[in-house]
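Counting from 3, one number per residue, gives the positions in the sequence shown under this note's numbering. Reading through the structure tokens given below for one structure.
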Amino acid sequence: MIDSDGTQVGVLPVREAIRIAESKGLDLVEVSSTAKPPVCRITDFDKYRYSLKKKQHDSKRHATATSIKEVKMGARTGDHDVAFKINHIRRFIGEGQRVKLSVSFRGREITHPELGRALLDRIVLDVNDVAQPDGGTRMEGRNMSVLLTPR
Numbered sequence: 003m004i005d006s007d008g009t010q011v012g013v014l015p016v017r018e019a020i021r022i023a024e025s026k027g028l029d030l031v032e033v034s035s036t037a038k039p040p041v042c043r044i045t046d047f048d049k050y051r052y053s054l055k056k057k058q059h060d061s062k063r064h065a066t067a068t069s070i071k072e073v074k075m076g077a078r079t080g081d082h083d084v085a086f087k088i089n090h091i092r093r094f095i096g097e098g099q100r101v102k103l104s105v106s107f108r109g110r111e112i113t114h115p116e117l118g119r120a121l122l123d124r125i126v127l128d129v130n131d132v133a134q135p136d137g138g139t140r141m142e143g144r145n146m147s148v149l150l151t152p153r
């Protein structure tokens with residue numbers, strides 16, 4: 003048990019801890035139930051709940067939302083166009099964003115998924131110095147994709 007001024011009282015029976023808290027006009031609040039023995043504190047419960055809510059709010063405010071940029075291309079995209087897309091990927095990764103790289107198959111191109119996989123592997127190798135693949139290459143309907151994260 004921890005007293006209202008922050009000093010550690012020690013291990014006490016529950017009834018005695020409640021009696022001490024009531025004599026001070028405060029509440030007995032269980033701070034950590036997973037500890038052995040559980041940790042309780044003598045404090046004003048409303049003030050304790052307010053401070054927890056404040057901590058949650060501050061942690062949400064400092065959290066940054068990560069966005070995923072998607073770069074799409076066809077299975078037979080030309081070399082210059084691929085180089086242009088690689089520049090976009092490098093810029094997005096430099097800004098700290100994750101990039102989903104998608105290759106779409108049109109018509110009968112779907113019968114040659116190795117073309118799309120080779121294109122994705124080539125791009126992943128080109129941006130290997132700034133990004134790493136998160137997971138493997140996935141086939142999603144007529145699209146093949148890989149997720150790139152900053153190193």
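Think of the CB as a built atom: it goes at the ideal place given N, C-alpha and C, for glycine as much as any other residue. Remember, it's a predicted structure, so these values are computed and weren't measured experimentally.
- The shortest C-alpha to C-alpha distance from Asp128 to any of Gly138, Gly143 and Ile91 is the one to Ile91.
- The continuous alpha helix (DSSP H) containing Arg51 extends over residues Phe47 to His64.
- In the three-state scheme derived from DSSP, where H, G and I count as helix and E and B as strand, Gly96 is classed as helix.
- In this structure, Lys26 lies near Ile44, with their beta-carbon atoms less than 8 Å apart.
- DSSP places Leu14 outside any beta strand (DSSP E), giving it a letter other than H or E.
- Leu150: member of the beta strand (DSSP E) spanning Asn145 to Pro152, first to last residue.
- Taking 8 Å as the upper bound for CB-CB distance, Val148 and Leu121 are not in contact here, some 10 Å apart.
- Take Leu150, set aside five residues on each side of it, and the residues of its chain with a beta-carbon closer than 8 Å to its own are Ile91, Ile95, Arg100, Val101, Lys102, Leu103, Val126, Val129, Ala133, Gln134, Pro135 and Asp136, in chain order.
- Excluding five sequence positions before and after Lys74, the CB atoms of its chain that fall closer than 6 Å to its own CB belong to Ser104, given in chain order.
- In the same chain as Ala65, and ignoring 5 residues on each side of it, no C-beta atom comes closer than 6 Å to its own.
- Of all alpha-carbon atoms in Val31, Asp60, Pro39 and Arg63, the one lying nearest the alpha-carbon of Lys49 is that of Val31.
- Straight-line spacing of the CA atoms in Arg124 and Arg144 works out to 20 Å.
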